[in-house]
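Under our numbering, the first residue of the sequence shown carries the number 7, and numbering increases by one thereafter. Where a beta carbon is used, it is the ideal one built from N, C-alpha and C, also for glycine. Quick caveat: nothing in here was measured; it's all calculated off a predicted structure. Here is the structure we will look at, set down as structure tokens.
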Amino acid sequence: MGRCPRCQVPLLSADLDGIPVTHCPRCVGAWVETRHVIGFLDALAPKLAPDVTANSSLNAAPDPGPVARCPGCGGAPTLGGFMNAPHVRIDHCSKCAASWLDGPEIGTMVRQRAIAAARSADTAQWHAQEREGVNRRLGLQIGRREPRLG
Ligand SMILES: [Zn+2]
Ligand SMILES: [Zn+2]
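Below, the structure is given as structure tokens:
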């Protein structure tokens, strides 16, 4: 494995909950197979986004700009986004089927995913409450007696 595309120091191999990760000890950027990116982010969520709620703000880290070379093959990576998170520009190499994630970017992506999960949980709860309210109103109508005439 090559060197960090930012710092040029040798990358280190690690295992994060069964996900193979190659990371830079200096800038904490990570080189992750694209199919493992979501698992990688979720494995970091308890550490990087422990208190996130639906109302949390993203506090996106500034975009450090693209890297010049893929740490795997030396080719020029293409840029990709992530869940419309601001400032996240993933450097993706289609030849290596892997992505370079900058350290600050990783924090932003983990929070973006955690906030989205919290919001969808809130939405599901809101829908459940709405249904309950509708059922209660229907129940009242069903129970209401028509006044007798005559
Ligand atoms: Zn680095
Ligand atoms: Zn490559």
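Which of the three DSSP states is assigned to residue i in this structure?
i	result
threonine 114	helix
valine 140	helix
serine 126	helix
threonine 28	strand
arginine 9	strand
Apart from the five residues on each side of it in sequence, which residues of its chain come closer than 7 Å, Cβ to Cβ, to residue i?
i	result
proline 11	Val73, Ala74, Arg75, Pro77, Trp106
Grab the span of the alpha helix (DSSP H) containing residue i for me, first residue to last.
i	result
leucine 50	43-54
What span of residues does the beta strand (DSSP E) with residue i cover, start to end?
i	result
aspartate 23	Premise fails: aspartate 23 is in no beta strand (DSSP E) and is neither H nor E.
leucine 85	84-86
aspartate 97	96-99
alanine 36	36-39
serine 62	Counting along the chain, serine 62 falls outside any beta strand (DSSP E), and DSSP gives it neither H nor E.
alanine 104	104-107
Using the rule of at least 16 other Cβ atoms within 10 Å of the residue's Cβ for burial, across every protein chain shown, is residue i buried or exposed?
i	result
valine 140	exposed
threonine 28	buried
valine 58	buried
arginine 119	buried
Spatial neighbours of residue i within its chain, please: C-beta separation below 8 Å, excluding the five flanking residues on both sides.
i	result
serine 85	This sequence places leucine at residue 85; serine is not what is there. The residues are Pro72, Arg95, Ile96, Asp97, His98.
alanine 124	Val58, Thr59, Ala60, Ser62
alanine 25	The displayed chain sequence assigns isoleucine, not alanine, to residue 25. These residues qualify, in order along the chain: Val38, His42, Gly45, Phe46, Ala49.
Please list, in chain order, all residues of the same chain as residue i whose beta carbon is under 6 Å from its beta carbon, the five residues on each side excluded.
i	result
glycine 8	Pro77
proline 92	Ala66
aspartate 128	Ala60
| request: Decide if the stretch 30-41 is in contact with the stretch 13-22; the criterion is three or more beta carbon pairs, one per stretch, under 8 Å apart. | output: Verdict: yes, contact present.
| Counting Cβ pairs, one atom from each stretch, are 3 or more of them under 8 Å apart for the stretch 58-66 and the stretch 39-50? | A contact is defined here as three or more CB-CB pairs under 8 Å, and the stretch 58-66 fails this definition with respect to the stretch 39-50.
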